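Numbering-wise (UniProt numbering), the sequence shown opens with residue 1 and increments by one. Note that beta-carbon positions come from the ideal geometry of N, C-alpha and C, so glycine has one too. Just so you know, these numbers come straight off a predicted model, no measurement behind them. Since the structure comes first, as structure tokens, the remarks are kept for the end.
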Amino acid sequence: MADLIVKAAVKEALNDKNVASDFYDALDEEVKELLEDAARRAEENDRKTVQPRDL
């Protein structure tokens, strides 16, 4: 699967903080799990559209 996060945007959001190289992989994995959970909740509610409430 492609990266779900944009490294430059993450670095910008963290302002002047340094970011460890493995942080991006961990964050990408967290986002992947969040999306999978949201998709599962939508499916459990007989919807194909993932909505904010699925988060």
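> Thinking C-beta only, is LYS48 closer than 8 Å to ILE24?
Replying inline: Rather than Ile, the amino acid found at residue 24 in this sequence is Tyr. No; because the gap between Cβ atoms is not below 8 Å, this pair is not in contact.
>> Rounding to the nearest angstrom, what Cα-Cα distance links ASP16 and ASP46 in this structure?
In response: Between ASP16 and ASP46, the alpha-carbon positions lie close to 44 Å from each other.
> So ASP25 is in the alpha helix (DSSP H); what residue range does that whole segment cover?
Replying inline: That run of the alpha helix (DSSP H) goes 21-44.
> What are the boundary residues of the alpha helix (DSSP H) that includes LYS7?
Replying inline: Per DSSP, LYS7 belongs to the alpha helix (DSSP H) from 7-13.
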